[in-house]
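Residue numbers (my numbering), protein chains in the order written: chain A, 7 to 473; chain B, 7 to 473.
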């Protein structure tokens, strides 16, 4: 039997069909219920028990997208998406990623596709200027940027590098990492995966930001107990409420005691394209590594997590292993970056393309305009909530996340969240703090406009019982 | 200033342009030199020093693909690609990935897009049957499959799970992992990242397969020295020469001493669609985890690494952390899989779509036909090399990798490799063993046909000096 492959023209024909399908999806997504209504097992029940023996026609597959897949999709690209954080999937980003798939190169060495490495270094250096990060973080300086899969991978990597650097000083069983108690679960998970057994959730102030004195007290207590403070994570924009840890104060304490200082700005990093938000990350010269996700608020589709180190040497020292089949003249010249030494996996996609497409298609001004629109919408919603006696805000609104609760307590708050999510028009995230249940409204979907936030407010107003 | 976004119809128009660009690229890639000829820094020198402030027209970006990017690409999709292993980027896979980008969902919980989780479980179960893996590895049994980013991630994950399981038994400083000395560098890297300090490269036989007795002797020596044997990796198809470790014998020893047994079939796993290759993985019922890369030989574009565990409980126990913003009714019902608990990152792409597109577009018979064609081409080349007095094979050819050297020694072999790669028509990987330099010819690119291997042979014949 022969191998029944597609010609380039088959790809052209079916590619146009898929582009049309996506264009139609983007045009109609607003009419679909945001949250999928299927029950567990419902999607699988529509699929045959075994893979087909014979090739199927492409039209059959395309038809199944509508029949099987779309009913099981919760629409992250819906303009009524107010859950979690947004995930970027702008049209230029989708096309940049398509080019990456089409070229199908794996840039683990500079030599295996020089453009993949050089474009990545270049756009990461562009971002240093765009976000006003320290100039030394450019690949032309002592540091450098690299695209990771996710912020979880980046935070884990920071711990591994720090642990590797200290491996002759102390056993891992005594190592400790610190973050505010409001930090993302990836801190605890990254520490666990890296084998670091002690994670200290540090106390927060009234705005849910880390209390530097509490951090230092924890470090001192661990030192006195014979443990080894390894690393601290400052979060700029926590997942729960976008609280902002004091990067400079944390950095000073970290320097004093020799800890690796990692900044998690996964969501809020994008805001730094606007000068008016940069005071929130004051103190970056006291930081060893930094991550933000263009795949959240910067219009870039998953996965694209931007990670910088102030000094690339300990990173490469921890990650580099050179088997004979990867030796090559370019690497040995010392003139090139081999990104395989900058993360855990060997293989890597040409992800810089989509970031390049986004930065050029919107321009810095376009991204700033989007960020400012979302922030303005969030402040408008926060004002309305604040002036209604039924609600109270849970935390300040420095960016575009609004957190609030019903003053009648957890039950009213939980029921309101459930009601909103059952509407089909919006999706919010119910969450809780020690002080009780609350509702997260994250405004950051590319197509979210005033009318969508207006619809959300209308639903809140209708569904919420009196105070 | 307003946010200058694309309409769905802008996406449609530019999407058609990009599909056409890729179709043209696929049609002409054979005429391009396989290996990029740029010098370090040449690509970056063509890029502006700062990101644009204003949005640029899409046509300008598209033009730069040809001007800036293509000259810096080493063409993994060229039919003369005989380097490393192949990377799949079949037309259906590119389109499946495009749909994933278009939907832009993040399936870390079942609830965040049920179709993403259920299709992934389903196609991973399909693969259990297609590759004749143990039935208990299905998600409907005690085990289960999940798509990871890369085999390196999967091997690292196996070590982390094994280490977590043993965390109360022994300090990590005493833990040891084992593999054949021919195993991939991801074993050493995975151990290092997981903080496991001892890696034992076990002796190999004349066919470069692990010697079980040597493995057991190493385990016993470590036990006697007070260390803790943690895990062993059996490779089915090593990167150097596609050597095959004896999975059953290794598994029996692993069971006897309580080690986690991980199988790395990153490249060769695809061959198991054909019954005639399955004897090479005899003993899978003695395996705890298994990885193969559809993104290598199974026509699926990077990244798509298929990972199974025989028992999902220790995996989930090691990986699960539940913050308040991720709680939801479906997870609490226990009826669904939440794949965030099956790997290090939280976020995840809807990668099952491309695998589904591939399996349906080619059918099992189509994939078998491709594998058999590549294997037949490899055996034909091996026969020619073997019957020419200038050459000798370095290792057997169980799959589609041919390894050979010039009998005149390292210099003749190295110069032959350099000459082949300078031709522009083919790309091979120079490598070496203790016995000296050799050349890897990996036949597995989707479009490679007899005439491309014929051209490679013609070049070898022309460029090689007499014996």
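The beta carbon of each residue, even a glycine, is placed where N, CA and C say it ideally should be.
Residue environment, residue i, which counts as buried when at least 16 other CB atoms sit within 10 Å
{"i": "residue 455(A)", "result": "exposed"}
{"i": "residue 393(A)", "result": "exposed"}
{"i": "residue 294(A)", "result": "buried"}
{"i": "residue 458(B)", "result": "buried"}
{"i": "residue 441(B)", "result": "exposed"}
{"i": "residue 323(B)", "result": "exposed"}
{"i": "residue 341(B)", "result": "exposed"}
{"i": "residue 154(A)", "result": "buried"}
{"i": "residue 367(A)", "result": "buried"}
{"i": "residue 59(A)", "result": "exposed"}
{"i": "residue 339(B)", "result": "exposed"}
{"i": "residue 118(A)", "result": "buried"}
{"i": "residue 347(A)", "result": "buried"}
{"i": "residue 471(A)", "result": "exposed"}
{"i": "residue 274(A)", "result": "buried"}
{"i": "residue 468(B)", "result": "exposed"}
{"i": "residue 261(A)", "result": "exposed"}
{"i": "residue 104(B)", "result": "buried"}
{"i": "residue 489(B)", "result": "Because residue 489(B) is not part of the residues shown, which for chain B are 7 to 473, the question remains open."}
{"i": "residue 212(A)", "result": "exposed"}
{"i": "residue 21(A)", "result": "buried"}
Reduced DSSP category for residue i - H, G, I as helix; E, B as strand; rest coil
{"i": "residue 9(A)", "result": "coil"}
{"i": "residue 295(B)", "result": "strand"}
{"i": "residue 341(B)", "result": "coil"}
{"i": "residue 87(A)", "result": "strand"}
{"i": "residue 253(A)", "result": "helix"}
{"i": "residue 411(B)", "result": "strand"}
{"i": "residue 378(A)", "result": "helix"}
{"i": "residue 188(B)", "result": "coil"}
{"i": "residue 130(B)", "result": "helix"}
{"i": "residue 419(B)", "result": "helix"}
{"i": "residue 507(A)", "result": "Not covered by the structure: residue 507(A). The range shown for chain A is 7 to 473."}
{"i": "residue 460(A)", "result": "helix"}
{"i": "residue 356(B)", "result": "coil"}
{"i": "residue 399(B)", "result": "strand"}
{"i": "residue 106(A)", "result": "helix"}
{"i": "residue 147(B)", "result": "coil"}
{"i": "residue 26(A)", "result": "helix"}
{"i": "residue 54(A)", "result": "coil"}
{"i": "residue 241(B)", "result": "strand"}
{"i": "residue 175(B)", "result": "coil"}
Presumed contact (8 Å Cβ cut-off) between residue i and residue j, rounded CB distance
{"i": "residue 108(A)", "j": "residue 130(A)", "result": "Not a contact, Cβ separation roughly 23 Å."}
{"i": "residue 408(A)", "j": "residue 384(A)", "result": "5 Å"}
{"i": "residue 225(B)", "j": "residue 263(B)", "result": "5 Å"}
{"i": "residue 82(B)", "j": "residue 110(A)", "result": "5 Å"}
{"i": "residue 465(B)", "j": "residue 431(B)", "result": "7 Å"}
{"i": "residue 92(B)", "j": "residue 450(B)", "result": "4 Å"}
{"i": "residue 186(A)", "j": "residue 215(A)", "result": "7 Å"}
task = Mind checking the stretch 139-155 of chain A against chain B and listing, in chain order, the residues whose C-beta falls within less than 7 Å of any C-beta there?
result = 155
ask   = Using Cβ-Cβ distances below 8 Å, what residues of the stretch 314-331 of chain B are close to chain A?
value = 324, 325, 327, 328, 329, 330 and 331
message = Short of 8 Å Cβ to Cβ, which residues in the stretch 110-129 of chain B face chain A?
response = 110, 111, 112, 116, 117, 118, 119, 120, 121, 122, 124, 125, 127, 128 and 129
inquiry  = To be precise: take each residue of the stretch 406-430 of chain A, compare its Cβ to all Cβ atoms of chain B, and keep it if any distance is under 9 Å. Which residues remain?
reply    = none
Residues from the stretch 73-93 of chain A in contact with chain B, defined by Cβ distance under 9 Å = 74, 75, 76, 77, 78, 79, 80, 81, 82, 83, 89, 90 and 93
request  = Residues of the stretch 451-473 of chain A with a CB closer than 9 Å to any CB of chain B: list them in chain order, please.
outcome  = 452 and 453
task = Answer yes if the stretch 119-139 of chain B comes into contact with the stretch 64-83 of chain A, meaning at least three C-beta pairs across the two stretches below 8 Å, and no otherwise.
result = yes
task = Could you name the residues of the stretch 18-50 of chain A whose beta carbon sits closer than 7 Å to any beta carbon of chain B, in the order they occur along the chain?
result = 18, 20, 21, 22, 24, 25, 26, 28, 29, 31, 32, 33, 42, 44, 46, 49 and 50
request  = Report the residues of the stretch 294-315 of chain B with a CB closer than 7 Å to any CB of chain A, ordered along the chain.
outcome  = 307, 308 and 309
task = Give, in chain order, every residue of the stretch 156-179 of chain B whose Cβ lies closer than 9 Å to some Cβ of chain A.
result = 156, 157, 158, 159, 162, 163, 166, 169, 170, 173, 177, 178 and 179
ask   = According to a CB-to-CB cut-off of less than 7 Å, which residues of the stretch 180-200 of chain B neighbour chain A?
value = 191, 192, 194, 195, 199 and 200
message = Tell me which residues of the stretch 49-72 of chain A have at least one Cβ-Cβ distance to chain B shorter than 7 Å, keeping chain order.
response = 49, 50, 53, 56, 57, 58, 59, 60, 61, 62, 64, 67 and 71
ask   = For the stretch 375-397 of chain A, which residues have a beta carbon sitting closer than 7 Å to at least one beta carbon of chain B?
value = 375, 376 and 379
query = Along the stretch 214-236 of chain B, what residues have a CB closer than 7 Å to any CB found in chain A?
reply = none
query = Given a limit of 8 Å on CB to CB distance, which residues of the stretch 272-295 of chain A reach chain B?
reply = none
message = What are the residues in the stretch 347-367 of chain A lying within 7 Å of chain B by C-beta distance?
response = 350, 351, 352, 353, 355, 363, 365, 366 and 367
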